[in-house]
Ligand code: C5P
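Residue numbers (this note's numbering): 3 to 234.
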């Protein structure tokens, strides 16, 4: 059993700033962590992150950078002024990119954990084969996660289903962030490798990323409270 408390990150994937502000108002101080992904960051920009930080939220900027090593490093340098506590890059960018990004993050974002995305939780085995990857999903995730940790990346984004195996495989100070979380009874949407909040916590997740189950609920605060109660 984990000796840390699993925390919830709300994926603030919404179509307008008004909607984001409404959800934040509803969930209030129960919500500590917010994930800003491409949809919101590309529309609202850095100023939104600064405003969020002023309200006391911890910010996970989920840009999933994936490019040649030099461009990824320069992108990290460009983010150096942002109040972010976590940032994602794709592990499939390869070992050189991962190592250089880890070094750049230590210099330009010293208070930010750099996380490597392994295999997206929306992908199943047949999706992986269709992009030419013959490995089984668990082997592919292990390979990418180990490569990232060897490159001094702080943490891994993976499905909770892979956590059970990965947690003991990787150093104990590795941060595990898991999307693909669905409270029992909620719609899976495009997520294909899912677990409930308590199952993912027991598997060793430090952070659960949850979007639509909270965002599309009639009462987001209630759903968040239920999830937090399930975790405590
Ligand atoms: O709405 P839902 O709970 O599926 O949201 C999951 C969030 O986690 C989305 O913002 C998605 O971009 C992100 N994510 C993911 N799978 C990964 C990495 C990030 O679903 N491997």
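We put the CB at the ideal spot given by N, CA and C, even for glycine.
Being a predicted model, the structure only gives us computed values, none of them experimental.
Check, Outcome
"Quick check on residue 76: does DSSP put it in helix, strand or coil?", "helix"
"So for residue 62, helix, strand or coil by DSSP?", "strand"
"Report yes or no: do three or more beta-carbon pairs, one from the stretch 29 to 38 and one from the stretch 211 to 227, lie closer than 8 Å?", "yes"
"In whole angstroms, what is the alpha-carbon distance linking residue 51 and residue 104?", "22 Å"
"Going by the CB atoms, is the gap between residue 214 and residue 196 shorter than 7 Å?", "no"
"On a Cα-Cα basis, can you pick out the residue from 164, 110 and 56 that is closest to residue 74?", "110"
"Checking 7 Å against the spacing of the C-beta atoms, do residue 177 and residue 192 come in under that value?", "no"
"Quick one, which of 123, 114 and 108 has its alpha-carbon nearest residue 140's?", "123"
"Which of the three DSSP states is assigned to residue 96 in this structure?", "coil"
"Going straight from the alpha carbon of residue 91 to that of residue 81, what length do you get?", "13 Å"
"Is the closest heavy atom of the ligand C5P to the C-beta of residue 119 under 6 Å?", "yes"
"Pop quiz: residue 88 and residue 117 are said to be a contact at Cβ under 8 Å. What is the actual Cβ separation, rounded to whole angstroms?", "6 Å"
"Taking the C-alpha atoms as reference points, what is the distance between residue 15 and residue 39?", "7 Å"
"Could you round the C-beta distance between residue 200 and residue 232 to whole angstroms and report it? I think they count as a contact, below 8 Å.", "5 Å"
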